[in-house]
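Just below is one structure, and these are the notes that go with it.
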Amino acid sequence: MKQSSAAGRLATLRLLAHRFAFLMLAVSAFALMMLGKADIVLVEQTRVLVVDALAPMLEAMARPAATVARVTSGIHELANLRAENARLREENARLMRWQTVARRLETETMVLHQQLNVVPDPDPAFVTARVIGDLGSAFGHSMLLAAGSRDGVRKGQAVMSGEALVGHIAEVGVRSSRLLLITDINARIPVVIESTRTRAILTGDNSARPRLNYIVGNPAISVGDRVVTSSSGAAFPPGLPVGVVVSVGEGGYRVEPFARRHQLEFVSIVDYGLGGILPFERAPPDRRRRGREE
Amino acid sequence: MKSSVWVRMDTWVRHLIPATATIFLLLITVVPTRLTAFADIAPMLPLMGVYYWAIYRPDLLPAWLAFAIGLLGDIVGGTPLGANALVLLLVQGTAAAQRRFFLGKSFAVTWWAFGLLAAGAIALDWLLVTLIVGRVVDPAPVLFEYLMTLCCFPLLTWVLARTQMAFLLDV
Chain A
339 MKQSSAAGRL
349 ATLRLLAHRF
359 AFLMLAVSAF
369 ALMMLGKADI
379 VLVEQTRVLV
389 VDALAPMLEA
399 MARPAATVAR
409 VTSGIHELAN
419 LRAENARLRE
429 ENARLMRWQT
439 VARRLETETM
449 VLHQQLNVVP
459 DPDPAFVTAR
469 VIGDLGSAFG
479 HSMLLAAGSR
489 DGVRKGQAVM
499 SGEALVGHIA
509 EVGVRSSRLL
519 LITDINARIP
529 VVIESTRTRA
539 ILTGDNSARP
549 RLNYIVGNPA
559 ISVGDRVVTS
569 SSGAAFPPGL
579 PVGVVVSVGE
589 GGYRVEPFAR
599 RHQLEFVSIV
609 DYGLGGILPF
619 ERAPPDRRRR
629 GREE
Chain B
840 MKSSVWVRMD
850 TWVRHLIPAT
860 ATIFLLLITV
870 VPTRLTAFAD
880 IAPMLPLMGV
890 YYWAIYRPDL
900 LPAWLAFAIG
910 LLGDIVGGTP
920 LGANALVLLL
930 VQGTAAAQRR
940 FFLGKSFAVT
950 WWAFGLLAAG
960 AIALDWLLVT
970 LIVGRVVDPA
980 PVLFEYLMTL
990 CCFPLLTWVL
1000 ARTQMAFLLD
1010 V
């Protein structure tokens, strides 16, 4: 009798301990949310360390996935060969016309540059990195890249796929880094509408099509307008293609990015020698700061 | 009777399988699949793993492990730290508390209950992320992610059940 009551007490105690542990875990989850919100360096460093440790494994898993994707896309392409051929022929004819225009403009620009003594834009340095993680989630749009600080990647650098802007580097580890896509809810990109030079901020909201906010200047934005980066904030070099306006209406101005997220296997991390979108990584030169105060 | 070192080691390794399988599911969601639909709305595979093991082997995937896996998900996924951890912790807690209800019930019941629980989990996740980020997260992809998760459940449960049969039948 005595023994059984002791065992019962022990069981109750164990249950209490179990409940307490559960509660403590829930409380620590909230504490972590607070810490993360406070944006302290420690949290970011921990994230970077863990991702760095996982990077080799993710890279090993990404390779077979890439092979499978290549095979499936190969089959898909074979099936659409005829239609694709016709489309390409049409596009080629159109591009040939453009080539003529571009040649003429190139000569014209060269002559103008010479006459005006224009200082040419420096050629950007870049690193090409494999995408090893695609975080497909409704709660965040980012990717993990297999290049880090040892490869010269810095926070805030622009990431491009071909000629289109994909996003920017948000966290850098030694051998991996996180790319924040322009569709992520935390992404803000200063842009201009190419034809009207209307300035705006492209704001992601975790949907496939980010929205144009804080529109300054000519508000006549129509479907089909190209959106390129602007130099405001010295975050990105001006003129990188971002996307095209696809809807103007109740839901605001929506932009379809040029970069096809699901097709990305390699991306270029481009160093334009700018401060980047996250200014605390490298302080802007004094001159610029003083200019702002005046 | 005292079992030999090898037997104990074998049991120990087998006991690691639920946690390892769930972490593997987490890593699978991260692998770039280059499928159009998958890129934006990958199903929440770790959620299913936690749910399954909470019902069938709660001793091998306790609350703290669910918490840790959720935290790992937050770290890898770049979502606010702690959100996923809390969600998985609560899913584990709820499922493990109600497991007597599930044992011996048909698969449809398990699926239906998962539907309810996953809806709660994903809604909580949405609420937490919205509160932390300070802006409303577009609910449409969240809904699709939920539906995707629900559709993947039978397949994944089959895989997990096979895993359990293969490695954890009598340990």
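Here the protein sequences line up with chains A and B, keeping their order.
If you're matching positions, the first sequence starts at 339 in the numbering used here and goes up one per residue.
If you're matching positions, the second sequence starts at 840 in the numbering used here and goes up one per residue.
By construction, the Cβ of each residue, glycine as well, lies at the ideal position given by its N, Cα and C atoms.
Nearest neighbour of Leu886(B) by Cα position, chosen from Ala1000(B), Leu989(B), Gln1003(B), turns out to be Leu989(B). Residue environment for Phe358(A): exposed (fewer than 16 other C-beta atoms within 10 angstroms of its C-beta).
Residue pairing for Leu473(A): DSSP places it in a beta bridge opposite Ser480(A).
The beta carbon of Thr872(B) sits closer than 6 Å to no other beta carbon from its chain once the five residues preceding and following it are set aside.
Its chain contains Gly542, Asp543, Asn544 as the residues whose beta carbon lies nearer than 6 Å to that of Ile523(A), once the 5 sequence neighbours on both sides are disregarded; these appear in chain order. Runs of the alpha helix (DSSP H) lying entirely within the stretch 877 to 901 of chain B and spanning at least 4 residues, in chain order: 884 to 895.
For Ala485(A), no Cβ of chain B is located within less than 8 Å of the residue's own Cβ. For the pair Val583(A) and Gly562(A), the CB atoms are nearer than the 8 Å cut-off. Using a Cβ-Cβ cut-off of 8 Å, Arg853(B) does not count as an interface residue toward chain A, since no Cβ of chain A sits closer than that to its own. Pairing Leu433(A) with Ser499(A) gives a Cβ-Cβ distance that is not under 8 Å. Relative to the Cα of Leu503(A), the nearest Cα in the group Ala597(A), Lys375(A), Val381(A) belongs to Ala597(A). Residue environment for Arg352(A): exposed (fewer than 16 other C-beta atoms within 10 angstroms of its C-beta). For Ser585(A), the three-state secondary structure derived from DSSP is strand.
With the rule of 3 Cβ pairs closer than 8 Å, the stretch 935 to 950 of chain B does not count as touching the stretch 915 to 926 of chain B. When the five nearest sequence neighbours on each side are left out, the beta carbons in the same chain lying within less than 8 Å of the beta carbon of Leu518(A) are those of His479, Ser480, Gly505, His506, Ile507, Ala508, Asn524, Ala525, in order along the chain. Counting along the chain, Asn923(B) sits inside the alpha helix (DSSP H) bounded by residues 922 to 936.
Only buried fits Ser514(A), as 16 or more other CB atoms lie within 10 angstroms of its CB. When rounded, the separation of the alpha-carbon atoms in Ala391(A) and Val491(A) is 17 Å.
Less than 8 Å divides the Cβ of Val605(A) from the Cβ of Val469(A). Within the same chain, and ignoring the five residues on either side of Arg488(A) in sequence, the residues whose Cβ sits closer than 8 Å to its Cβ are Val512, Arg513. The beta-bridge partner set that DSSP reports for Pro595(A) consists of Gly581(A). If you look at Arg526(A), you'll find it in the beta strand (DSSP E) that goes 526 to 531. Counting of Cβ neighbours within 10 angstroms places Asn455(A) among the exposed residues, the total staying below 16. Listed in chain order, the positions of the stretch 455 to 488 of chain A with a beta carbon within less than 7 Å of a beta carbon of chain B are Val469, Gly471, Asp472, Leu473, Gly474, Ser475, Ala476, Phe477, Gly478, Ser480. With respect to chain A, the C-beta atom of Arg938(B) has no partner C-beta closer than 8 Å.
Under the 8 Å criterion on CB atoms, Val388(A) is classed as interfacial with respect to chain B. A residue is called buried once 16 or more other Cβ atoms fall within 10 Å of its Cβ, and Ala467(A) is buried on that count. The beta carbon of Phe596(A) does not come within 8 Å of any beta carbon belonging to chain B, so the residue lies off that interface. The stretch 362 to 382 of chain A makes no contact with the stretch 436 to 451 of chain A; the number of CB pairs closer than 8 Å stays below 3.
Counting C-beta pairs closer than 8 Å gives fewer than three between the stretch 845 to 853 of chain B and the stretch 977 to 996 of chain B, which falls short of the contact rule. For Ile378(A), no alpha helix (DSSP H) run applies, since DSSP gives it neither H nor E. Judged by their CB atoms, Asp913(B) and Ala922(B) are nearer to each other than the 8 Å cut-off. In this structure Leu396(A) touches Leu482(A) by the C-beta definition: roughly 6 Å separates them, less than 8 Å.
Within the DSSP secondary-structure output, Gly916(B) pairs in no beta bridge. Among the CB atoms of chain B, one or more fall inside 8 Å of the CB of Leu363(A). Residue pairing by DSSP places Asn423(A) in no beta bridge whatsoever.
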